[in-house]
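Chemist:
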């Protein structure tokens, strides 16, 4: 049995940053004829190659987690917005009914004018409720993104 020794480049490790590790691993892979094409080849048994594969898998898991958190935040935002709109419509209908009954009982302005005033007041209140729901959804999305960044930095 004959083994063929492949020359390995001298790697000076003055930095331990992920960028330096990746560069050093790439140099080792490039000089190794078994891993020359890509790190995913089945014949590659280099330790630097397996480290790169582990880092890639970890990055893919973090990206999937980030995507899931983003989708959950968007769903929560949509639900809050729908709930706010439903409550707003119900309150608007109740307010309009009360205003019409009140105006009719007092013999004040016509019911149409009272209804228009009630609708304008309810529309202003509804816009504020929708803005509050959107802000709550944005805050939930920002918190989820911050959690992903914290998880990525600790990993």
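In this note's numbering, the protein residues as written are 1445 to 1599.
Built from N, CA and C at the ideal position, the CB exists for glycine as well.
For clarity, every value in this text was computed on a predicted model and none was experimentally measured.
Can you tell me the Cα-Cα spacing of residue 1548 and residue 1532, whole angstroms?
Modeler: Here residue 1548 corresponds to residue number 104 of the chain shown, with the count starting at 1. Here residue 1532 corresponds to residue number 88 of the chain shown, with the count starting at 1. Between the C-alpha atoms of residue 1548 and residue 1532 there is a straight-line separation of about 24 angstroms.
Chemist: Buried or exposed for residue 1513, going by 16 or more other Cβ atoms inside 10 Å?
Modeler: In the chain shown, residue 1513 corresponds to position 69, counting from 1. With 16 or more Cβ atoms within 10 Å of its Cβ, residue 1513 is classed as buried.
Chemist: On the three-state DSSP scale, how would you describe residue 1459?
Modeler: Taking the first residue of the chain shown as position 1, residue 1459 is located at position 15. Bear in mind that the predicted position of residue 1459 carries a pLDDT of just 45, short of 50, making it unreliable; the figure below should be weighed with that in mind. Three-state DSSP puts residue 1459 in coil, outside helix and strand.
Chemist: Excluding the 5 residues flanking residue 1505 on each side, which residues of the same chain have their C-beta closer than 7 angstroms to its C-beta?
Modeler: The residue labelled residue 1505 in the question sits at position 61 within the chain shown. Contacts found: none.
Chemist: Suppose you measure from the CA of residue 1537 to the CA of residue 1544; what does that come to, to the nearest Å?
Modeler: In the chain shown, residue 1537 corresponds to position 93, counting from 1. In the chain shown, residue 1544 corresponds to position 100, counting from 1. The straight-line gap from Cα to Cα measures roughly 11 angstroms.
Chemist: Under a Cβ-count criterion, where at least 16 other Cβ atoms within 10 Å of its own Cβ denotes burial, should residue 1541 be classed as buried or exposed?
Modeler: The sequence position of residue 1541 within the chain shown is 97, counting from 1. Looking at its Cβ environment, which holds fewer than 16 other Cβ atoms inside 10 Å, residue 1541 is exposed.
Chemist: Starting from the C-beta of residue 1500, find all residues in its chain whose C-beta is less than 7 angstroms away, skip the five residues before and the five after it, and write them out in chain order.
Modeler: Within the chain shown, the letter at position 56 stands for residue 1500. Result list for residue 1500: empty, nothing under 7 angstroms.
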